[in-house]
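Residue numbers (our numbering): 339 to 669. Here a beta-carbon is modelled for each residue, glycine too, at the ideal position from N, C-alpha and C. The structure displayed is predicted, hence computed values, not measured ones.
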């Protein structure tokens with residue numbers, strides 16, 4: 339983690355307001371609104387340019403200069419809490435307002451292929467066929483991408499992986515996103531980004547899924563080992579860690595269900611009536627409830643420990659609105 343100066347959110351907001359705001363906000367608003375529309379997000383989030391996105395971007399822009407390599411910022415939070423929207427909007431503001439070339443890397447785009455997960459299901463535990471938990475990401479690929487981004491020079495271009503959740507498979511390299519160097523800031527987001535291993539006993543199952551499919555605790559012990567070893571090394575590359583704290587665990591299903599319905603809407607926009615004729619998957623309510631049991635243990639673990647471990651804590655209400663921002667030594 340970086341050795342950063344402790345400050346309050348009010349202090350940070352005031353530091354931005356000493357500059358000429360009006361013209362800057364006017365220029366940014368349209369761009370941010372278009373970004374939100376592309377993410378199927380609430381366009382009214384652009385109203386938080388002044389009190390959230392600009393102060394954050396201003397602070398990060400200061401931390402990002404001068405540097406010989408990109409500033410790597412981690413963003414964690416429960417499923418559906420708004421990490422992707424927040425980091426995507428922040429990346430646009432950093433570039434448009436502060437000329438900091440910023441990319442968003444989602445750990446979701448680094449899931450192992452179906453074949454690789456089939457091998458894990460056969461050789462380790464059947465539950466590793468389902469993407470999501472530590473162990474189902476291609477960490478070698480993540481580290482390789484981070485290394486290449488760190489050395490990407492002006493005019494050089496590289497591609498970033500992309501995973502298609504509707505097919506449960508990594509997209510072909512020709513469909514990966516192209517980025518051009520040099521990169522100033524990397525926003526690395528994902529539900530388990532920054533997660534530490536569990537210290538308490540893993541003996542007792544936490545839900546029906548663990549009781550029926552992992553009675554001996556092999557899967558959860560293996561997940562914890564991945565966190566303690568390979569994932570810890572990956573997350574050590576993060577220089578500044580942010581965490582979005584949900585008000586309670588109960589809202590997580592509602593948020594994740596909202597995501598699934600937006601995915602369904604997006605696929606219908608693209609494929610129309612032909613959606614049922616192609617091999618694309620959108621989970622029903624019951625399927626989603628079952629799927630989320632894979633995440634329940636670690637989600638509750640993170641909600642318990644992350645607020646005291648991170649550099650910046652963003653507290654959310656049930657509508658996914660950031661209500662409080664806490665900086666080092668202030669949470």
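**Q.** Collapsed DSSP secondary structure at residue 569 in the structure displayed
**A.** Within the chain shown, numbered from 1, the residue matching residue 569 stands at position 231. Helix at residue 569.
Q) Leaving out the 5 sequence neighbours to the left and right, which residues in its chain are closer than 8 Å to residue 422 when beta-carbon positions are compared? A) Walking along the chain shown from the start, residue 422 turns up at place 84. Cβ neighbours of residue 422 beyond the five flanking positions: 377, 442, 444 and 527.
Q. Roughly how many whole angstroms lie between the Cα atoms of residue 536 and residue 560?
A. Walking along the chain shown from the start, residue 536 turns up at place 198. Walking along the chain shown from the start, residue 560 turns up at place 222. In a straight line, the C-alpha of residue 536 is about 12 Å away from that of residue 560.
Q. What is the DSSP secondary structure of residue 407, counted as helix, strand or coil?
A. What you label residue 407 is simply residue 69 of the chain shown in a count that begins at 1. Residue 407: coil per DSSP, three-state reduction.
(Q) Can you tell me whether residue 587 is helix, strand or coil according to DSSP? (A) To locate residue 587, count along the chain shown from 1; it is residue 249. In this structure, residue 587 counts as coil in the three-state DSSP scheme.
**Q.** Local Cβ density within 10 Å of residue 384, reported as buried at 16 or more and exposed below that
**A.** Position 46 of the chain shown holds residue 384. That one is buried.
**Q.** Per-residue burial, residue 462 [other beta carbons within 10 Å of its own, 16 or more giving buried]
**A.** Taking the first residue of the chain shown as 1, we reach residue 462 at position 124. Residue 462 is exposed by the Cβ-count criterion.
Q.
Please identify the residue among 549, 360 and 594 whose C-alpha is closest to the C-alpha of residue 622.
A. As a working note, residue 622 is residue 284 in the chain shown. The shortest Cα separation from residue 622 among 549, 360 and 594 belongs to 594.
Q) What is the DSSP secondary structure of residue 486, counted as helix, strand or coil? A) Indexing the chain shown from 1 puts residue 486 at position 148. Residue 486 carries a helical assignment under DSSP once its states are collapsed to helix, strand and coil.
Q: Take residue 447 and list the residues in its own chain whose beta-carbon comes closer than 6 Å to its own, dropping the five residues that flank it on each side.
A: What you label residue 447 is simply residue 109 of the chain shown in a count that begins at 1. Within the same chain, residue 447 has close Cβ partners 499, 500 and 501.
Q. Can the beta-carbon of residue 687 be found less than 8 Å from the beta-carbon of residue 395?
A. There is no way to answer for residue 687, as the model of the chain reaches only from 339 to 669.
Q: Please classify residue 617: does DSSP put it in a helix, a strand, or coil?
A: In the chain shown, the residue the question calls residue 617 occupies position 279. Note that residue 617 scores a pLDDT of 49, beneath 50, so its modelled location is shaky and nothing firm can be said.
Q. Roughly how many whole angstroms lie between the Cα atoms of residue 398 and residue 546?
A. Here residue 398 refers to the residue found at position 60 when the chain shown is read from its first residue. Here residue 546 refers to the residue found at position 208 when the chain shown is read from its first residue. Going from the Cα of residue 398 to the Cα of residue 546 covers about 43 Å.
Q. Can you find a C-beta in chain B that's less than 8 Å from the C-beta of residue 485?
A. In summary, chain B is missing from the structure at hand, where a single protein chain is found.
Q) Is the stretch 541–557 touching the stretch 627–641, taking contact as three or more C-beta pairs under 8 Å? A) yes
Q: Would you mind listing the alpha helix (DSSP H) stretches within the stretch 482–560 that are 4+ residues and don't spill past its ends, in chain order?
A: Correct list: 546–551.
**Q.** Length of the line joining the Cα atoms of residue 504 and residue 550
**A.** The residue given as residue 504 occupies position 166 in the chain shown. The residue given as residue 550 occupies position 212 in the chain shown. Approximately 27 Å, taken between the alpha carbons.
(Q) To the nearest angstrom, how far is the alpha carbon of residue 645 from that of residue 533? (A) The residue you call residue 645 lines up with position 307 of the chain shown. The residue you call residue 533 lines up with position 195 of the chain shown. Approximately 11 Å between the Cα atoms of the pair.
Q: Verify the contact flag: residue 529, CB atom, against every heavy atom of the ligand GTP, threshold strictly below 7 Å.
A: This structure does not include the ligand GTP; it has no bound ligands of any sort.
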